[in-house]
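Visitor: Got a structure for you, questions after.
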Amino acid sequence: MSDRTHTASELLAVMASRSLDDGLTVFAGVGTPLLAATLAQRLHAPGLTILFEGGVIGPFIVPGELPPSTNEQRCTRQANMLCPITDVLLLLQRGYVDVGFLGGAQIDRYGNINSSFIGDPDHPSCRLPGTGGGNDIASLSRVIVAMKHEKRRFVERVEYITSPGYLEGGDSRRQSGLLAGGPYRIITDLAIMGFHPETKRMRIEALHPGVTAAQVQENTGFELEVSEDAHTTDTPTEKELAVLRNLDPDRLYIG
Amino acid sequence: MSDRTHTASELLAVMASRSLDDGLTVFAGVGTPLLAATLAQRLHAPGLTILFEGGVIGPFIVPGELPPSTNEQRCTRQANMLCPITDVLLLLQRGYVDVGFLGGAQIDRYGNINSSFIGDPDHPSCRLPGTGGGNDIASLSRVIVAMKHEKRRFVERVEYITSPGYLEGGDSRRQSGLLAGGPYRIITDLAIMGFHPETKRMRIEALHPGVTAAQVQENTGFELEVSEDAHTTDTPTEKELAVLRNLDPDRLYIG
Amino acid sequence: MVISYDQLRAETAARDRSLHEKVMTLEEAAGLIKDGDHVAIGGCMMSRTPMAMIWALVRAGRRDLTFSRSIVSSDGDIIFASGIGKKIITSWFSQGIVWGISKVMRHWVESGRAEFEEWSHMSMGLRYRAGAMGVPFMPSRSMMGSDVRRRVDGQLKEIDCPFTGEKLLLLPALNPDVAIIHVQRCDPYGNAQLDGLQFMDVDLPLAAKKVIVTAERIVSNDQIRRAPDQTKFPFFTVEAVVEVPYGSAPHECYGHYEPFFKHMDQFAELTRKDPEKGAGEYLERFYHDPKSWTDTLGRMGLGDLLTATRGGRSIYDV
Amino acid sequence: MVISYDQLRAETAARDRSLHEKVMTLEEAAGLIKDGDHVAIGGCMMSRTPMAMIWALVRAGRRDLTFSRSIVSSDGDIIFASGIGKKIITSWFSQGIVWGISKVMRHWVESGRAEFEEWSHMSMGLRYRAGAMGVPFMPSRSMMGSDVRRRVDGQLKEIDCPFTGEKLLLLPALNPDVAIIHVQRCDPYGNAQLDGLQFMDVDLPLAAKKVIVTAERIVSNDQIRRAPDQTKFPFFTVEAVVEVPYGSAPHECYGHYEPFFKHMDQFAELTRKDPEKGAGEYLERFYHDPKSWTDTLGRMGLGDLLTATRGGRSIYDV
Chain V
7 MSDRTHTASE LLAVMASRSL DDGLTVFAGV GTPLLAATLA QRLHAPGLTI LFEGGVIGPF
67 IVPGELPPST NEQRCTRQAN MLCPITDVLL LLQRGYVDVG FLGGAQIDRY GNINSSFIGD
127 PDHPSCRLPG TGGGNDIASL SRVIVAMKHE KRRFVERVEY ITSPGYLEGG DSRRQSGLLA
187 GGPYRIITDL AIMGFHPETK RMRIEALHPG VTAAQVQENT GFELEVSEDA HTTDTPTEKE
247 LAVLRNLDPD RLYIG
Chain X
7 MSDRTHTASE LLAVMASRSL DDGLTVFAGV GTPLLAATLA QRLHAPGLTI LFEGGVIGPF
67 IVPGELPPST NEQRCTRQAN MLCPITDVLL LLQRGYVDVG FLGGAQIDRY GNINSSFIGD
127 PDHPSCRLPG TGGGNDIASL SRVIVAMKHE KRRFVERVEY ITSPGYLEGG DSRRQSGLLA
187 GGPYRIITDL AIMGFHPETK RMRIEALHPG VTAAQVQENT GFELEVSEDA HTTDTPTEKE
247 LAVLRNLDPD RLYIG
Chain U
14 MVISYDQLRA ETAARDRSLH EKVMTLEEAA GLIKDGDHVA IGGCMMSRTP MAMIWALVRA
74 GRRDLTFSRS IVSSDGDIIF ASGIGKKIIT SWFSQGIVWG ISKVMRHWVE SGRAEFEEWS
134 HMSMGLRYRA GAMGVPFMPS RSMMGSDVRR RVDGQLKEID CPFTGEKLLL LPALNPDVAI
194 IHVQRCDPYG NAQLDGLQFM DVDLPLAAKK VIVTAERIVS NDQIRRAPDQ TKFPFFTVEA
254 VVEVPYGSAP HECYGHYEPF FKHMDQFAEL TRKDPEKGAG EYLERFYHDP KSWTDTLGRM
314 GLGDLLTATR GGRSIYDV
Chain P
14 MVISYDQLRA ETAARDRSLH EKVMTLEEAA GLIKDGDHVA IGGCMMSRTP MAMIWALVRA
74 GRRDLTFSRS IVSSDGDIIF ASGIGKKIIT SWFSQGIVWG ISKVMRHWVE SGRAEFEEWS
134 HMSMGLRYRA GAMGVPFMPS RSMMGSDVRR RVDGQLKEID CPFTGEKLLL LPALNPDVAI
194 IHVQRCDPYG NAQLDGLQFM DVDLPLAAKK VIVTAERIVS NDQIRRAPDQ TKFPFFTVEA
254 VVEVPYGSAP HECYGHYEPF FKHMDQFAEL TRKDPEKGAG EYLERFYHDP KSWTDTLGRM
314 GLGDLLTATR GGRSIYDV
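Chains as they are written, first to last, in the working numbering: chain V, 7 to 261; chain X, 7 to 261; chain U, 14 to 331; chain P, 14 to 331.
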């Protein structure tokens, strides 16, 4: 992969943007999700509607003025509507969000995400920033996760479930009371993963150009199956990279 | 009472306005309550805050432009804040209303009000317009009721409780789950009634000039006691009547 | 009657919620409402009532609709008299206090030909709010001890609060099939802006399964984006956008026109003696006979329209 | 921990809620908050944070305050490092993703000297909303199945919905002792107007038992009445009004100024290696030593202030 003309973060943002079809309503977090959603708007999905946690419906981010989180006024540029935080989050519960788009520090084989604690929560070796709206998004909508593919991030069992995936697999998510949503795509700089419809175990759905299933497995802390329909993704185009770099000229998120 | 220089409705509005101290927050219905509250603002209570059911906080009604209900734009003149209906009604539940100010078709000895049905609710001889916010106001705040004093309106037991008073008296209101509020003044064109602190039976607290307790009893369908502290009210002043008539030059509500 | 979460989600997921233009005629919009639907009416009393949409439903000959609204005025008389609906769920129903009790409402309800189901005003709001939030109920401290509660007792629940031990009512969520809402401005996608009184029209669009918006004016999406604070519900709740100037007449639209008071007097007068015959005449003249909504407005008269407009525009004059 | 309705009503009734002027200094306003109080912070993250008010609390030497907020940024670092509070209830806590994980938060929390109690963002909002509505709980479908729920399980309830049989969480109402909220405009009585992002500042003032407002500008009551749509909470919830230009610095205030990014970089840099020493130096220089809030702003530097202002005012430029 040394002949790459793009960073891992750029690959991630491009692959994530492609997963967003025109016409969808996407609840996006800051960082890669925001970049990917904005990139999609400018390329193949002009009718993509972004929701931000701060209470923003349908904004367009201005290139070079990326918001530091989804709660500042840069998030509101050209918005269709501003509303209280609680009400924008309730759109998830009401079922108006097609895709929740999250990042994550740590994920396990059932798509559970930890962004709260490394180590014992009572005596953590690292206290992470926590859920924010992540738990609500993961509890109430279909979710795409975009993150770096590293063994320490892809673990057998997260130490703490901040944002619920399929919990212990099978129908345990539904049994817990979560009747809707769940993760359906995990996009990394190596591959795209999905979940087995019955067991809810994570599996490889697509490999990025030049990446093998073995390489993905090497960077994963649990056993990954490969879907029968697994394919190879197309390499990022010059246009995709150009638009992306124009969005983040200071390379805050694209590395 | 033939020497009256005012109508019964004018007397009612003036007496009701006097019951509103400066600085209070009053939830007012249309008709006499609205007139009385506006009169109070213009005389002794410039800092009286009116709430209207339509979602209006702190308006000043324009003389001669009385709203047809508390839900039209005439209610919003010079308002401090406009908000959804549900939220203005929730101020009652949160405890931010000092006085709820109601009219009523029929009231009983425990201050229960009927504004829904005359006759059997399943086969009414008259279907009245119903509760509106009346039930909420009566359930959640201290209440002043302003109404004409007629025997058919002051009944032993209302056929239907639209707006709860003290229900069957004693602590039955609290037992039903209504932990706050309750009626405390019934103002009519004859007298001002209150409620016995224990039994919650209606009793005479004050008589208007020239009216005797016997006259009030004659016009009441149940037995009324007279409070030990009962007094006589002052006759409406020229100023009160002048301001009132200026508010309602078409005599929509003052008869 | 409370819809399961699985069903609520499935119905929402099945809709085309993408960003697309939805501008159509009143007649086309009426076609989105089916006989038997539960139709929630936006606005309150004589304010921002979607009268043109109701007019279109009458002309389309809809039947067996159930309606709900915060407070119902002469729109309810039209619904009963025209026969498009036989049940209205609301907190208060009469043309307006200055006209006495509606004779049309009385006539239809007292004869048992139509039903007026009564909830407290806040309870109506909380039921829509629960529907908007995607939960089956809202807790409330109102309606207890009253006959208003007793008459709908089968539809609600009382609990002892697991935190405080207090008695509370749980009010069932209301998720109407359609909400019809009249607004000051809307873009072709359905981003709707309200000025002034909001009534329940922030919760209603989210509670409903689809929304038909009539607007005094259709504006560009760019104009909406210049004042995002005034957008009160988003496009993805909306199925149809219809431009209808004076679409609330003879009721009011905040900032644009007050009620057509003289016309309302005439309606009250016409229905006072013989509600059925009077309302029939009214419907013939203002609903069935006109060639268009503009023709209906013309029959109300330019004089009334201008008087109402003068009042409507004076809202911030003092 | 959920307050009884009798107590909630009694506490509200005991307050002077009459229409009166409440303008005072930051120092006087700080005097309204007592050691041990639960203080809810308005705004979210780096936006409309009432930093000047927190500055005043630090200078007043308050102790043992519990704080709650939708999302906490460097305001939380200040709270822990200054010692005014040892517990923060929120959904997310770090200066901001671009600066990595807050070293100050980590240092205090991992050493057990302070507590960061975590709820989901919507749950924080629903807890305030229940408090605002005067009910003991809000039902919710979030947080189930997660460890976020398990860690606060003793504070909430799970029920089988009496309407649908579905599992639901009941989230306990939050009624903070005081809410401190920074707004764009407020009149001397406390009628507060917000532009743009509202965050939880529509529910917070009603949930709290009293509200301290800091405002970029105190305007006349007449001006408020000219734009009643923009008033987001009413005077009777408010106990104090303080005029503090740049009262959110170095955070942002919508339409007025963006975050002071360079200053935020400096804070992150200063606290990176030795959070305790770094934060101590920062507090000395920007909190304890200055003669006034204006002096603190001056130390942040006019350059940063103008850059932030240029960004803030450009919001509708595109």
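The beta-carbon is built from N, C-alpha and C at its ideal position, and this holds for glycine as well.
#1: In its own chain, which residues sit with a C-beta less than 7 angstroms from the C-beta of residue 139 (chain V), not counting the 5 before and 5 after it?
#2: Let me know the secondary structure DSSP gives residue 334 (chain P) once reduced to three states.
#3: Name the residue from X:173, X:172, X:111, X:141 whose alpha carbon lies nearest to the alpha carbon of residue 159 (chain X).
#4: Quick check: is the beta carbon of residue 108 (chain P) nearer than 7 angstroms to any beta carbon in chain V?
#5: Counting only beta-carbon separations shorter than 7 angstroms, does residue 257 (chain U) have a partner in chain X?
#6: Note down, in chain order, all residues in the segment 227-241 of chain P with a beta-carbon under 8 angstroms from any beta-carbon belonging to chain X.
#7: Skipping 5 residues on each side, what residues in its chain have a beta carbon closer than 8 angstroms to that of residue 61 (chain V)?
#8: With H, G and I counted as helix, E and B as strand and the rest as coil, what does DSSP make of residue 92 (chain P)?
#9: For residue 26 (chain P), which option in P:223, P:316, P:227 has the closest C-alpha, if you only look at C-alpha atoms?
#10: Mind pulling the chain P residues with CB within less than 9 angstroms of residue 224 (chain U)?
#11: I'd like to know if residue 249 (chain U) contacts chain V, where contact means its C-beta is closer than 7 angstroms to some C-beta of that chain.
#12: How is residue 141 (chain V) classed by DSSP in three states: helix, strand or coil?
#13: Going along the segment 122-156 of chain P in order, which residues come within less than 7 angstroms of chain V, judged by CB to CB distance?
#14: Note down, in chain order, each residue of its chain lying with its Cβ closer than 6 angstroms to the Cβ of residue 30 (chain P), except the 5 sequence neighbours on either side.
#15: Go ahead and label residue 187 (chain P) buried or exposed: buried means 16 or more other beta carbons lie within 10 angstroms of its beta carbon, across all protein chains shown.
#16: For a test of the three-state rule: what should DSSP assign to residue 189 (chain V), helix, strand or coil?
#17: In the DSSP assignment, what residue or residues form a beta bridge with residue 256 (chain V)?
#18: Check this for me: beta carbons of residue 157 (chain X) and residue 86 (chain X), under 7 angstroms apart or not?
#19: Can you give me the start and stop residues for the beta strand (DSSP E) that residue 56 (chain V) sits inside?
#20: Quick check: what's the CA-CA separation for residue 158 (chain U) versus residue 176 (chain U)?
#21: At a CB-CB cut-off below 7 angstroms, which residues of chain X make contact with residue 22 (chain P)?
#22: How close, in whole Å, do the beta carbons of residue 252 (chain P) and residue 225 (chain P) come, if the pair is a contact with beta carbons under 8 angstroms?
#23: Quick test of your reading: residue 164 (chain V) and residue 113 (chain V), contact by CB under 8 angstroms. State the CB separation rounded to the nearest angstrom.
#24: Terminal residues of the continuous alpha helix (DSSP H) containing residue 144 (chain U)?
#25: Please check the pair residue 141 (chain P) and residue 216 (chain P), which I expect to be a contact at CB under 8 angstroms, by giving their CB distance rounded to whole angstroms.
#26: Counting along the chain, where does the alpha helix (DSSP H) carrying residue 185 (chain P) start and finish?
#27: Looking at residue 179 (chain X) and residue 123 (chain U), is the spacing between their C-beta atoms short of 7 angstroms?
#28: Between which two residues does the alpha helix (DSSP H) holding residue 262 (chain V) run?
#29: Which residues in the same chain have their Cβ closer than 8 angstroms to the Cβ of residue 166 (chain V), if we skip the five residues on either side of it in sequence?
#30: I need the straight-line Cα distance from residue 297 (chain U) to residue 263 (chain U), nearest angstrom please.
#31: Let me check understanding here. Comparing Cα to Cα, which of X:73, X:177, X:72, X:240 lies closest to residue 214 (chain X)?
#32: Quick check: the Cα distance between residue 252 (chain X) and residue 44 (chain X), rounded to an integer number of angstroms?
#33: In its own chain, which residues sit with a C-beta less than 7 angstroms from the C-beta of residue 136 (chain P), not counting the 5 before and 5 after it?
#34: Return the residue from the list U:328, U:246, U:36 that minimises the CA-CA distance to residue 209 (chain U).
#35: Who are the Cβ neighbours of residue 272 (chain P) in its own chain at under 7 angstroms, not counting the five residues just before and after it?
#36: Which chain P residues sit within Cβ distance under 8 angstroms of residue 92 (chain V)?
Guide: In brief:
#1: 59, 95
#2: Outside the displayed span of chain P (14 to 331) sits residue 334 (chain P), for which this structure offers no information.
#3: X:111
#4: no
#5: no
#6: 234, 237, 238, 241
#7: 88, 89, 90, 91, 93, 94
#8: helix
#9: P:223
#10: Residues of chain P passing the Cβ test: none, with the nearest at roughly 21 angstroms.
#11: yes
#12: helix
#13: 122, 123, 129, 131, 133, 134, 135, 138, 139, 142, 154, 155, 156
#14: 249
#15: buried
#16: strand
#17: Answer is none; residue 256 (chain V) lacks a bridge partner.
#18: no
#19: 55-58
#20: 22 angstroms
#21: 101, 186
#22: 6 angstroms
#23: 7 angstroms
#24: 134-146
#25: 4 angstroms
#26: First-last for residue 185 (chain P): 180-185, but that is the beta strand (DSSP E), not the alpha helix (DSSP H).
#27: no
#28: The structure shown does not extend to residue 262 (chain V), since chain V spans only 7 to 261, so no value can be given for it.
#29: 120, 122, 123, 127
#30: 16 angstroms
#31: X:240
#32: 11 angstroms
#33: 153, 155, 156, 184
#34: U:328
#35: 59, 263, 264, 265, 321
#36: 135, 138, 139, 141, 142, 213, 216
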